[in-house]
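Protein chains in written order, with my numbering: chain A, 30 to 539; chain B, 30 to 539.
Number of protein chains: 2
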Amino acid sequence: MNGITKHTARRGRAARKSARIISATPDNPAAPGQTGGHYKPLTDDECDRIIDAALDLLSSLGMAEAPDILVEAASAKGAFVSDLGRLCFPRMMVGDIVSRACRSFVYYGRDSGHDFEVGGDKVYFGTGGAAVQTLDINTGLYRPSTLRDLYDFTRLQDTLTNISWFTRCCVATDISDLKDLDINTAYALLRGTTKPVGTSFTIADTVDPVVDLFDHALGGAGKFAERPFCKAHISPVISPMRYGEDAVEVTRACIRRKVPINSIIAAQSGATAPATPAGFLAQSTAETLAGLILVNVFSPGYPVIFSNWPLIIDLRSGAFSGGGGESSMLNAAAAQISNRLGLPSGVASSMADAKAVDAQMGAEKALSALACGLSGANMIYESAGMTASLLGASFEAFILDDEMLGHVHRTIRGIEVTDESIGLKTIREATLGEGHFLGCDDTIASMSRDYFYPDLADRDPPVTWEEKGAKNARDTAREKAREILARPDPGYLSNATDAWARDRFNIVLP
Amino acid sequence: MNGITKHTARRGRAARKSARIISATPDNPAAPGQTGGHYKPLTDDECDRIIDAALDLLSSLGMAEAPDILVEAASAKGAFVSDLGRLCFPRMMVGDIVSRACRSFVYYGRDSGHDFEVGGDKVYFGTGGAAVQTLDINTGLYRPSTLRDLYDFTRLQDTLTNISWFTRCCVATDISDLKDLDINTAYALLRGTTKPVGTSFTIADTVDPVVDLFDHALGGAGKFAERPFCKAHISPVISPMRYGEDAVEVTRACIRRKVPINSIIAAQSGATAPATPAGFLAQSTAETLAGLILVNVFSPGYPVIFSNWPLIIDLRSGAFSGGGGESSMLNAAAAQISNRLGLPSGVASSMADAKAVDAQMGAEKALSALACGLSGANMIYESAGMTASLLGASFEAFILDDEMLGHVHRTIRGIEVTDESIGLKTIREATLGEGHFLGCDDTIASMSRDYFYPDLADRDPPVTWEEKGAKNARDTAREKAREILARPDPGYLSNATDAWARDRFNIVLP
Numbered sequence: 030m031n032g033i034t035k036h037t038a039r040r041g042r043a044a045r046k047s048a049r050i051i052s053a054t055p056d057n058p059a060a061p062g063q064t065g066g067h068y069k070p071l072t073d074d075e076c077d078r079i080i081d082a083a084l085d086l087l088s089s090l091g092m093a094e095a096p097d098i099l100v101e102a103a104s105a106k107g108a109f110v111s112d113l114g115r116l117c118f119p120r121m122m123v124g125d126i127v128s129r130a131c132r133s134f135v136y137y138g139r140d141s142g143h144d145f146e147v148g149g150d151k152v153y154f155g156t157g158g159a160a161v162q163t164l165d166i167n168t169g170l171y172r173p174s175t176l177r178d179l180y181d182f183t184r185l186q187d188t189l190t191n192i193s194w195f196t197r198c199c200v201a202t203d204i205s206d207l208k209d210l211d212i213n214t215a216y217a218l219l220r221g222t223t224k225p226v227g228t229s230f231t232i233a234d235t236v237d238p239v240v241d242l243f244d245h246a247l248g249g250a251g252k253f254a255e256r257p258f259c260k261a262h263i264s265p266v267i268s269p270m271r272y273g274e275d276a277v278e279v280t281r282a283c284i285r286r287k288v289p290i291n292s293i294i295a296a297q298s299g300a301t302a303p304a305t306p307a308g309f310l311a312q313s314t315a316e317t318l319a320g321l322i323l324v325n326v327f328s329p330g331y332p333v334i335f336s337n338w339p340l341i342i343d344l345r346s347g348a349f350s351g352g353g354g355e356s357s358m359l360n361a362a363a364a365q366i367s368n369r370l371g372l373p374s375g376v377a378s379s380m381a382d383a384k385a386v387d388a389q390m391g392a393e394k395a396l397s398a399l400a401c402g403l404s405g406a407n408m409i410y411e412s413a414g415m416t417a418s419l420l421g422a423s424f425e426a427f428i429l430d431d432e433m434l435g436h437v438h439r440t441i442r443g444i445e446v447t448d449e450s451i452g453l454k455t456i457r458e459a460t461l462g463e464g465h466f467l468g469c470d471d472t473i474a475s476m477s478r479d480y481f482y483p484d485l486a487d488r489d490p491p492v493t494w495e496e497k498g499a500k501n502a503r504d505t506a507r508e509k510a511r512e513i514l515a516r517p518d519p520g521y522l523s524n525a526t527d528a529w530a531r532d533r534f535n536i537v538l539p
Numbered sequence: 030m031n032g033i034t035k036h037t038a039r040r041g042r043a044a045r046k047s048a049r050i051i052s053a054t055p056d057n058p059a060a061p062g063q064t065g066g067h068y069k070p071l072t073d074d075e076c077d078r079i080i081d082a083a084l085d086l087l088s089s090l091g092m093a094e095a096p097d098i099l100v101e102a103a104s105a106k107g108a109f110v111s112d113l114g115r116l117c118f119p120r121m122m123v124g125d126i127v128s129r130a131c132r133s134f135v136y137y138g139r140d141s142g143h144d145f146e147v148g149g150d151k152v153y154f155g156t157g158g159a160a161v162q163t164l165d166i167n168t169g170l171y172r173p174s175t176l177r178d179l180y181d182f183t184r185l186q187d188t189l190t191n192i193s194w195f196t197r198c199c200v201a202t203d204i205s206d207l208k209d210l211d212i213n214t215a216y217a218l219l220r221g222t223t224k225p226v227g228t229s230f231t232i233a234d235t236v237d238p239v240v241d242l243f244d245h246a247l248g249g250a251g252k253f254a255e256r257p258f259c260k261a262h263i264s265p266v267i268s269p270m271r272y273g274e275d276a277v278e279v280t281r282a283c284i285r286r287k288v289p290i291n292s293i294i295a296a297q298s299g300a301t302a303p304a305t306p307a308g309f310l311a312q313s314t315a316e317t318l319a320g321l322i323l324v325n326v327f328s329p330g331y332p333v334i335f336s337n338w339p340l341i342i343d344l345r346s347g348a349f350s351g352g353g354g355e356s357s358m359l360n361a362a363a364a365q366i367s368n369r370l371g372l373p374s375g376v377a378s379s380m381a382d383a384k385a386v387d388a389q390m391g392a393e394k395a396l397s398a399l400a401c402g403l404s405g406a407n408m409i410y411e412s413a414g415m416t417a418s419l420l421g422a423s424f425e426a427f428i429l430d431d432e433m434l435g436h437v438h439r440t441i442r443g444i445e446v447t448d449e450s451i452g453l454k455t456i457r458e459a460t461l462g463e464g465h466f467l468g469c470d471d472t473i474a475s476m477s478r479d480y481f482y483p484d485l486a487d488r489d490p491p492v493t494w495e496e497k498g499a500k501n502a503r504d505t506a507r508e509k510a511r512e513i514l515a516r517p518d519p520g521y522l523s524n525a526t527d528a529w530a531r532d533r534f535n536i537v538l539p
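The structure is reproduced here in structure tokens:
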């Protein structure tokens, strides 16, 4: 155990102990927010070795291209500029930042029924971004994604239980002006959902107008800061080991307006980070810490999601691949490391390479969703709707992924072991009596408490399946998606705010 | 910790420690036989509580309908018949049986290149049985499965790397005579594969002729006993808590001919066992121990796979469902309990409810395969080819499942953490030099050592996928399956044995 984890390990043990308390609500045996951590790809010692290597990189190699304002603020906390002009962070400084960093916070929905706490070992799935193509629900082929798609995806996921927040899953490629893009994206989110949301600010200048819009939707100036329901996705680092100047500006603008920050490192194995899994994690952990430091030197304890998303490159082609076992394993390990540091952990799952809504998609998504969920990642991004190695988004995939995540939540929840749940008396009575357990009180109680019943999965016998038209999962999901998309606007945006926005901005959605 | 696990726990810890040694061969970064155990759905204490409850059931409730020959043999080892006429096993007797039971054994292929050791935390995937319908590769609809299907499935899986043994995945429903069925099943396995195989003996009388056939294939009388490449699937218990008389006879016949035994308990939640997950495991563990005792009272230390396969009933319909999170979780927990007892563990995964080769199938199979694999189950049955809640088998599914299992093996394998694999020097050099890791020595070495590259998965960009015909995974798998099935008979059965068999038995396959 190294200095930085010594004080967090005890907290980890306590969290793992509490992990055994079953958290399902009676009406949803597989509700979001289950307690993970039963899968540990690394030993504690291995985690600490990787963290130790990350601390070594931060203190001796440091970060290139830190803007002056960051050098100044960080130096006041103990950082120094090396002979090579790189901003280095001594171990003690990093330990201090981590120990004072935000360890959990409430991620608000506009509807408080969607609020949840980010931190500990609680596991939630949501979306990331940002595809540039949509798998057309009618043609089954890809086309550029539009603002209308984004609005439709937003409305669609709003009806899905296992997606706990919505970050724009696609880019409105039909909007070219950067300010218009950011504002119209925010507007589409407001119109389509009251869940917690996330977005990216392409330029720092759009933070103010977007938060003004959010303020108005909540009832007036300053209201967003009381219930910050939208977080910003920021990539503060260009791997390997270099700050991105624009991101520093967006970060500062977000801090001013109290926008929680999802600080994402998305290094790529064998390209911008080592191919070797352990080396990859060492560098990406260092970079994720560099992102954490960036926020915390300006605002100690500010809500930051520590998002270390290992991205795998298929080195045969040089293209990103999200569907392999390496992706499952490395994202789960990244979550384990972040949780060991006691920080709100973000990873990414279900970044399927499949183009079609097919068996490849199903398997690729489930593997990584389960690995990340069992590992106890707090926020699992990209977990629904994505196809084509994050290049595409699909309505049918959203529907199917949501149900798959229900099974994952059920698996994470685990098994309650008590005298009552073992129920030796019931076993004796059934064995010596009827010879079966059908209809007995324990069975009826267990049926609604312990089992997740999927809505869409085909569980019919083959003959019934054939009588019903021998549909595959894509057929079924397409029908449901069309039914949801045919519904009217959910009415989440008041006429007053709509008019206010149209007065001030170039709102493109009719 | 209770008596029965006290002496096995240390072995468990040693096994878990060795679990961190990476076992991939250089030419297959995701080879079968990875070391599992990184996912623990239960705490050690919870395992012990369940084992304790199982011991309670065996000693105080006991098993109904034990045949006289079993009562006699078991009583000599300390069992007694209760007032209710049930055969009860005192804790000390069960502990003694478990401590002397076979803890690992070599499962032979006819080709020694397919041999592997069953036990410890090594994980292998293979097939189970037995579907009564085949998903026709041409019509995409179900029809009764035939002997020809079984032979074709056998040849097909013989080419697939991640399926380590083959148990008949379907029943030759075109053969009605029970003896003909058992013999023709064995003949089809001999013709189609040299991997380790498994079969069921519908009646005890067919054990001798089938083993005679195996003897002949290996070169003469007694040869099978030296290299027992086929195990028998036996279900010794009718849940709840009752022995099946026929199974006792088959068991004794197998012991005489040295056929290793896969002793399967397949209790059904809410029907033949409690719906409550913990109660289910208590009863099914008791019953699996009853199966172990059955073999061991006749032949102490005989090779038995301790197969505790939790089957889930969808209590809305009363039908078996293999695709849910409950199935993943309970099979993983069953493996954990068996491994804690130090016994060769068998569970079942990938028993998808999907009828089509679709996204539902992919997700259902991957979830349970990963959960069972990470838990460290030694033998994971049903893991490839099955559809329709075990009612169906599919050629396309075999092809896709094999590749999915490659990703699972890769995930189980985990991350090697050493100074060399962290490679701080490489990170420094790449960061200060080229600014990327492409083409550096560590990347090239890692590419072949650390990454599993799927053959079939579509990793193209959307435009390329469309240019190639916008295929889905079933299309791709069907093409590959047809190519394999078009190959000639693999020639594994000599003309002499073929003629010998046709002289003596009603061999139906042309």
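Where is the CB? At the ideal position from N, CA and C, for every residue including glycine.
Item                                                                                                                                                                   : Value
According to DSSP, simplified to helix, strand and coil, what is V537(B)?                                                                                              : coil
Nearest by alpha-carbon distance to N57(B): which of R478(B), L522(B), D74(B) is it?                                                                                   : R478(B)
So with Cβ pairs under 8 Å, would you call Y480(A) a contact of chain B?                                                                                               : yes
Within 10 Å of its beta-carbon, does L164(A) have 16 or more other beta-carbons around it, so buried, or fewer, so exposed?                                            : buried
Interface residues of chain A around N167(B) at Cβ under 9 Å?                                                                                                          : What N167(B) touches in chain A: nothing, since even the nearest Cβ is about 14 Å away.
Can you name, in chain order, every residue of its own chain whose Cβ lies under 7 Å from the Cβ of P539(A), other than the five neighbours on each side?              : none
Between the Cα of D343(B) and those of P483(A), L90(A), F109(A), T190(A), spot the shortest distance and give me the residue it belongs to.                            : P483(A)
First and last residue of the beta strand (DSSP E) that includes P173(A)?                                                                                              : 171 to 173
Which partner residues does L164(A) have in the DSSP bridge list?                                                                                                      : Y171(A), S423(A)
Go through its chain and collect everything with a Cβ distance to A362(B)'s Cβ below 7 Å, but skip five positions before and after it.                                 : P70, L71, L310
Could you list the residues in the segment 321 to 342 of chain A with a C-beta less than 9 Å from some C-beta on chain B, going in chain order?                        : I341, I342
With a threshold of 7 Å on Cβ separation, who are the neighbours of M122(A) within its own chain once the five nearest residues in sequence on each side are excluded? : K106, G107, A108
Determine, for K509(B), whether the minimum Cβ-Cβ distance to residues of chain A falls below 8 Å.                                                                     : no
For the alpha helix (DSSP H) containing E512(B), name the first residue and the last one.                                                                              : 502 to 514
Do E432(B) and A486(B) have their CB atoms nearer than 8 Å?                                                                                                            : yes
Ignore the nearest five residues each way along the sequence and tell me which others in K500(B)'s own chain have a CB closer than 7 Å to its CB.                      : none
Helix, strand or coil for T54(A), going by three-state DSSP, please let me know.                                                                                       : In this predicted model, T54(A) has a pLDDT of only 49, less than 50, meaning its place in the structure is not dependable enough to derive any value.
So is P70(A) in contact with chain B if we call contact Cβ pairs under 8 Å?                                                                                            : yes
Determine the extent of the beta strand (DSSP E) in which D343(B) is found, giving its start and end residues.                                                         : 341 to 343
Between which two residues does the beta strand (DSSP E) harbouring N337(B) extend?                                                                                    : 333 to 337
Taking the beta strand (DSSP E) that I293(B) belongs to, which residues open and close that run?                                                                       : 290 to 294
From this set, T156(B), P61(B), G65(B), V100(B), which residue's C-alpha is nearest A426(B)'s C-alpha?                                                                 : T156(B)
Compute the distance between the beta-carbons of L514(A) and L185(A), then report whether it is under 8 Å.                                                             : yes
Does chain A have any CB closer than 8 Å to the CB of Y171(B)?                                                                                                         : yes
Applying a beta-carbon distance threshold of less than 8 Å, which residues of chain B neighbour F253(A)?                                                               : Chain B residues near F253(A): none, gap ~37 Å exceeds 8 Å.
On the three-state DSSP scale, how would you describe G320(B)?                                                                                                         : helix
Just to confirm, is the Cβ distance from C198(B) to M415(B) under 8 Å?                                                                                                 : yes
Comparing alpha-carbon positions, which option in G452(A), P61(A), V386(A), L429(A) lies nearest L170(A)?                                                              : V386(A)
Closer than 8 Å by beta-carbon distance: list the chain A residues that pair up with V437(B), in chain order.                                                          : G354, L396
Is L419(A) close to chain B? Criterion is C-beta to C-beta, closer than 8 Å.                                                                                           : no
Between the C-alpha atoms of G114(A) and P269(A), what's the straight-line distance to the nearest angstrom?                                                           : 15 Å
Using the C-alpha atoms, what's the distance from S328(B) back to R132(B)?                                                                                             : 14 Å
Can you tell me whether R220(B) is buried or exposed, with buried defined as 16 or more other CB within 10 angstroms of its CB?                                        : buried
Could you have a look at F109(B) and say whether DSSP puts it in helix, strand or coil?                                                                                : strand
Check whether chain B comes within 8 Å of K151(A), counting only Cβ atoms and requiring the distance to be less than that.                                             : no
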